[in-house]
Structures are given as structure tokens and as C-alpha cells.
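Some notes on the structure that comes next.
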Amino acid sequence: MLMNIFYGTPISPGFAEAPPLLVQGMKLKSEERAISSNEVEKEFKRFTDAIEATKNELLAIRDKTAEEIGEDEAEIFDAHILVLEDPLLHVEVSRKLESEQKNVEIVLQMVIDDLAERFSKIEDEMMRERATDIADVGQILIRNLMGRPSAAIRIDEPCILVATEISPSTAAKLDSELVLGCVTEIGSVTSHTAIIARALGIPAVVVPPGTITELQNANTIIVDGMDGAVVADPDEKTIEEYEEKEQKRLEREIMLRRKIGLDAVTTDGVKIDISANIEMPIEIKIAKENGAEGVGLYRTEFLFLNRKVLPSEEEQYQHYRLAAEAFPQNDVIIRTIDVGGDKFLSGSGMPEDVNPYLGVRAIRFSLVKPDIFNSQIRAIIRASRHGKVKLLLPMISCIEEISSAMGYIDECCKKFDLDSDCIEVGIMIETPAAALNTKIFSNYMDFFSIGTNDLIQYTMAAERGNKQLDYLHRPMQPTIIRLIKEVTDNAKATGIELSVCGEMAGDLRMIPILVGLGITKLSMNPRSIPVAKEMIRRISFEESSSVAKEIAQLLFTKDAVDKVEKTFGERVKSLEINGARFQD
Numbered sequence: 001m002l003m004n005i006f007y008g009t010p011i012s013p014g015f016a017e018a019p020p021l022l023v024q025g026m027k028l029k030s031e032e033r034a035i036s037s038n039e040v041e042k043e044f045k046r047f048t049d050a051i052e053a054t055k056n057e058l059l060a061i062r063d064k065t066a067e068e069i070g071e072d073e074a075e076i077f078d079a080h081i082l083v084l085e086d087p088l089l090h091v092e093v094s095r096k097l098e099s100e101q102k103n104v105e106i107v108l109q110m111v112i113d114d115l116a117e118r119f120s121k122i123e124d125e126m127m128r129e130r131a132t133d134i135a136d137v138g139q140i141l142i143r144n145l146m147g148r149p150s151a152a153i154r155i156d157e158p159c160i161l162v163a164t165e166i167s168p169s170t171a172a173k174l175d176s177e178l179v180l181g182c183v184t185e186i187g188s189v190t191s192h193t194a195i196i197a198r199a200l201g202i203p204a205v206v207v208p209p210g211t212i213t214e215l216q217n218a219n220t221i222i223v224d225g226m227d228g229a230v231v232a233d234p235d236e237k238t239i240e241e242y243e244e245k246e247q248k249r250l251e252r253e254i255m256l257r258r259k260i261g262l263d264a265v266t267t268d269g270v271k272i273d274i275s276a277n278i279e280m281p282i283e284i285k286i287a288k289e290n291g292a293e294g295v296g297l298y299r300t301e302f303l304f305l306n307r308k309v310l311p312s313e314e315e316q317y318q319h320y321r322l323a324a325e326a327f328p329q330n331d332v333i334i335r336t337i338d339v340g341g342d343k344f345l346s347g348s349g350m351p352e353d354v355n356p357y358l359g360v361r362a363i364r365f366s367l368v369k370p371d372i373f374n375s376q377i378r379a380i381i382r383a384s385r386h387g388k389v390k391l392l393l394p395m396i397s398c399i400e401e402i403s404s405a406m407g408y409i410d411e412c413c414k415k416f417d418l419d420s421d422c423i424e425v426g427i428m429i430e431t432p433a434a435a436l437n438t439k440i441f442s443n444y445m446d447f448f449s450i451g452t453n454d455l456i457q458y459t460m461a462a463e464r465g466n467k468q469l470d471y472l473h474r475p476m477q478p479t480i481i482r483l484i485k486e487v488t489d490n491a492k493a494t495g496i497e498l499s500v501c502g503e504m505a506g507d508l509r510m511i512p513i514l515v516g517l518g519i520t521k522l523s524m525n526p527r528s529i530p531v532a533k534e535m536i537r538r539i540s541f542e543e544s545s546s547v548a549k550e551i552a553q554l555l556f557t558k559d560a561v562d563k564v565e566k567t568f569g570e571r572v573k574s575l576e577i578n579g580a581r582f583q584d
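Quick note on numbering: this note's numbering labels position 499 of the sequence shown as 499, and the sequence is numbered without any gaps.
Have a look at this one:
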């Protein structure tokens, strides 16, 4: 057969070659039947019994995962168990049994579909991927309601697993000696399935819908977890090329691991602090293993979403304390809840905004929900006793928001008999209004953190995720570079600490520009840290500064991209090779 190449998104690094094994979708379907009002209680009892059976099954998967893969990956199934224990799930099933008067299998599927759909609409990729977790839990629940045994995928020889979607509970059971790679049509780099695949060393790619049909008749395929390519029936030359990439990958991985504890210092002696963006406790260990110098952004939304009862002060404190204790000598910057926009908080009692991205989100939400805000502030202050914890306020646009927020923080400090400056407080620079007012805001804040994702979205007036507007979301837009330069210049002039914590911070092509603008603190995905540090070791501040100044004067994005490619392209390419696994 002729070689054919399909392109998608890499979610687990590596290369693998083997015959494909197509796994059909296994969504269970139950027969629908009407029930009377008298049967509602009986059906709900079936539901609670299935909850208990599913919890025991997930605990068994968790224990097996901890033993065979690792404790961090096992914690994924703690999140699954939380879905089972979520009061919202129980309330919704009870309510729909009463209103729909149908058997619990049908009602449960309705509730699961509704919850999964809500999460699938969230723009934040990590939060959006929780829809897969909810669907996974739902399928196990329904299977237990139907009394069916767990259906394992039978694999007799090395293969590339090809499926529309692979659930976390299925991924945890994969034998990495037999499953050399995975190709799916649903998933992302932040999904729990991807986390497990990376831990198992299984390269994986998410391809566009319809691709799997094209792959099912191939004799062998290559999964390229670096560029996101899937090669059907590769020729000998292509196989040799991928084997060569494997050798280069091994050399690179050995080099990066040897340097994991080294600082990121430019060739002319400028030290750049590299910290991690995290959302869940599972990522703390990953951050430390990859050489993070603290937590530059702790997103706290995961604690609040998908639950009827919001987390208590004590629950929040225990989560934040773990991060503080993990990095006792480094900053741990905890951002207060950033809901609204694409993240709707069901337990808050707030109506959904007509235009959520411009509505009551982030700090605006906190200021109209002082009970939630105060509880979180107190939890963060308590965690600060265990390390160098700082508090970060999201999406600040005006001095009134700063004044109001600081009022609540002062009151919380007094509650603990502490001075009003008991904790350092900073703001996210992610709106044009904040960027233009950094000189003024510096009089009231201890530090700034540039959130490049939202800063680009609001400056360019272009919704993230809209493919037609991709040209407006390019980080090398000279307009964005000029705005960041203004923020950086103002921070230098006023002596305020500044960092960058958006996706731009981990982009190898953007790192020289940020360094050249004078930014010495970057926070990024933990897994990006080793290669980002090495990139910094291969550039000079003087060279980067010259390029950054030139780009800030340009008109067209293409010219900026060309300039960076010409100056730093070879160094970037030398660090972009990932791993390979081939059938023996």
C-alpha cells in the first residue's frame, strides 16, 4: 500500500511503529423503560448501590496504578471518586428520576451527558478535559447498574491502539510492552489519559475526526509524538528517518536530565528564574522532578468546579499547604479563583452572563461573592505559614478593584492578628487597562504577573479557540510585544517584580524575546521546564535584547517570526526532538 501521512496534535512524546489495532467505541446502551412514582426510591437505591460498587472498582484501579505506574498518576482516580461523591450528581439523578419517570440507567446517562457537556464548553483545556473523566465514571456506573463485567481490550501482540477515545480507566490498564502507541480522535495534552500515556512512555497523537477510518486498513503505522504525524504504511526510508530521530532523542534526554538541577543562565551571565504553573496537587511532584524553582501560578479553580458544595477554608488550606511545603525556599504564587468566562461555578448562586468573557469573572466574581473570597484569602494566608506564599489577583482592570480586594485582604490579616502586609499581593496583567496602568498600580502592589493568554485575547479583541482568528493570537504580534515592553519598562522604572506565566513563557521561540525585554521570571507547564532552561543557556541577553527591540519596531507578524527564526531557529530545532519506540 502507498504511504499516507495524517497530521494531528501530539499529546504524549515519542515515536512508535507497529500494526494498528482498531478498538470500536464501547458506550453502553440500556433499554429504556417507564417507572411509576412508587419505583423512584427503588431506582435511586440501585443508583447508590452502583456508586458503592464503582467506588470499589476505582479504588482497585487506583491501587494498581500506584503500584505499576506511580502515585501521581494514581491520584487521577481520586478525581474520579470525587465525581462519584459529588452531591450535584446525586441531586440531579434524584431530581430527574422524579421528573422523567424512567429507569435509572437512562436518567444517569442524561445527567452524565449534561455534566460532560458543561465541561466540554470550558475554554481552559485542562478543565475541559474533565468531561472525559465524567464520561468515564458514567460508563463504569452504568455498566455496574446493568450488571456487566469490566470489558478489557484483548491484545496479543505489539500494536498501535487506534480508537475514537481512550478513557483514563482504560489507559491505566494498558500494557506498555504490547501497546507501543495510541491514536485517538478525542483528547488533549492535559487530559488524564495523556498523563497516563506519558507516564507509561506510550507516544500518542490526537487526529481529526474521520482519520481513524483511514487507518484501519493499514498494515503498519508510525505514531510521531513530536510533530503529531501518523504515518500509514511507511516506506523503509521513512522508518530509517524515525530511527535516527530516536537516537537524537536519547542523546537529548540524557543531556537534559544531567542538567535538571542547573540554573537557567544566559551565555552572558543573566539568571532567569523558572517556575511551574500548576492546577492540582498531582503536578507538584512533576514540577519538582523537572527542576522548577517554585510555583509561579497556582490556578485554584479545580477545587471549586463540578461540585454542589464549595470547598471549605480548611480544604483549601490543606491543598495550598502541600505546595508551600514542597517549595519552602521558593515563591508559591496562589491565584484567587478565576471563574466566569468559560468556567461556570454551579454552586455559587450566580446567573450565567450573556457575554461571560466580559462579565462577572475572576476578581469581579470574588468582589460580589465576599464569603467565597474571604474564605480563600484566609486559606492562602494560613498556607503562607508553611513557606513563601504570595497571593495573586486575576483580571484586574482598575484601581477600584485593587482597593476593594486589599480591603478584604487587610480584614483577613487582622483576623489572624497579623499586620495588613502579612502576605505579598500581586495582580495579573491580562487586560489592556491593567497594562496601561502598571505605573500607577505599582504603588499598591508587590508584584505583577503577565497572563499572556488573556492579554492577547483582550488586546486583539479576538476570542481564543476561534480558528478563523488564529492570525490574531500569534504571540509574536508586534502589537503584543510592544505592550509587554511597556509593562516591562514600567516595572523596571518602579522597581516592582515582574514575571510571565502564560503559554508564551514556555514557547522556545518566545523565550529569547521575553528575556530580551528584560523579564527574568518565567512560569510554565512543568514538563516544559528542562528544555526551556537549556534554551536560555544557549542564548545571550545582549543578542536577545537586540532582537526584541527590533521586533517591537516592526509592523507585520511575519517579519517578527522570520527574524526570530533567522536568529534562534537552529537552536530551537536542536531542542525539539522527542522520543521513539519501535517494535522489536
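Ideal placement from N, C-alpha and C gives every residue a C-beta, glycine not left out.
Same chain, Cβ closer than 8 Å to residue i, neighbours up to 5 away in sequence not counted
i: Y458; result: E430, T431, P432
i: Q109; result: S30, G138, I142
i: F44; result: V93, S94, L97, V104
i: H473; result: I456, Q457, M460, A462, R464
i: D175; result: I155
Close Cβ partners of residue i (< 7 Å) along its chain, the five nearest in sequence each way excluded
i: R128; result: F119, S120, I122
i: D156; result: none
i: K285; result: D72
i: E98; result: V40
i: E92; result: V111
i: F304; result: L310, P311, I337, V339, L345
Other residues of its chain near residue i: CB distance less than 6 Å, five sequence neighbours each side excluded
i: M236; result: The question names Met, yet the displayed sequence has Glu at residue 236. Answer for E236: no residue qualifies.
i: P19; result: C159, T220
i: L115; result: I134
i: P208; result: none
i: V162; result: P20, L22, V183, I212, L215
i: D584; result: Per-residue confidence for D584 stands at a pLDDT of 38, beneath the threshold of 50, marking its modelled position as unreliable; the derived number appears in the next sentence. Hits under 6 Å: none found.
i: F6; result: V207, T211, V230
i: M613; result: Not covered by the structure: residue 613. The range shown for the chain is 1 to 584.
i: L178; result: I155, P158
i: E325; result: H386
i: L418; result: none
i: R62; result: A74, F77
i: D559; result: none
CB contact below 8 Å: residue i versus chain B
i: I480; result: Note that chain B does not occur in the displayed structure, where there is just one protein chain.
Span of the beta strand (DSSP E) around residue i
i: R509; result: Element bounds for R509: n/a, residue is neither H nor E.
i: N4; result: 4-7
i: V231; result: 229-232
i: V332; result: 331-335
i: P20; result: 20-23
i: L97; result: Element bounds for L97: not the beta strand (DSSP E) but the alpha helix (DSSP H), 87-100.
i: D63; result: First-last for D63: 40-68, but that is the alpha helix (DSSP H), not the beta strand (DSSP E).
i: E32; result: Run containing E32: none; DSSP gives neither H nor E here.
i: V223; result: 221-224
Proximity below 8 Å, CB of residue i to CB of residue j
i: N103; j: E32; result: yes
i: S12; j: I202; result: yes
i: C501; j: L297; result: yes
i: I140; j: A172; result: no
i: I423; j: S384; result: yes
i: F639; j: I372; result: The requested residue 639 is not part of the displayed model; the chain covers only 1 to 584.
i: I260; j: G294; result: no
i: E427; j: I402; result: Checking the sequence shown, residue 427 turns out to be Ile, not Glu. Against a cut-off of 8 Å, the Cβ pair of I402 and I427 comes out as a contact.
i: E541; j: V561; result: A quick correction: the sequence has Phe, not Glu, at residue 541. Not closer than 8 Å, so no.
i: F568; j: P512; result: yes
i: M395; j: A435; result: no
Start-to-end residues for the alpha helix (DSSP H) that takes in residue i
i: V360; result: V360 -> no alpha helix (DSSP H), and no H or E assigned at all.
i: V107; result: 104-120
i: V207; result: Per DSSP, V207 belongs to no alpha helix (DSSP H) and is neither H nor E.
i: E71; result: 71-74
i: V487; result: 478-494
Minimum length 3: unbroken beta strand (DSSP E) runs contained in the stretch 140-199: 159-163, 179-184
Secondary structure, alpha helix (DSSP H): runs of 4+ residues fully inside the stretch 254-322: 282-289
Using 8 Å as the threshold, is the stretch 47-54 in touch with the stretch 271-285, meaning 3 or more CB pairs across them? no
Could I get the ranges of all uninterrupted alpha helix (DSSP H) runs contained in the stretch 502-564, with 4 residues as the minimum, in chain order? 511-516, 529-537, 541-552
Ordered list of alpha helix (DSSP H) runs contained in the stretch 363-394, each at least 4 residues: 363-368, 370-383
Quick check: the stretch 484-494 against the stretch 513-531, are at least 3 beta-carbon pairs closer than 8 Å? yes
Kindly confirm or deny that the stretch 250-267 and the stretch 33-42 touch, where touching means at least three C-beta pairs closer than 8 Å. no
Complete runs of the beta strand (DSSP E) confined to the stretch 387-456 [at least 3 residues]: 388-393, 425-429, 447-450
Would the stretch 286-295 and the stretch 524-536 be scored as touching if the rule is three or more Cβ pairs under 8 Å? yes
Using 8 Å as the threshold, is the stretch 327-334 in touch with the stretch 529-539, meaning 3 or more CB pairs across them? no
I want to know whether the stretch 442-452 touches the stretch 490-504 - three or more CB-CB distances under 8 Å. yes
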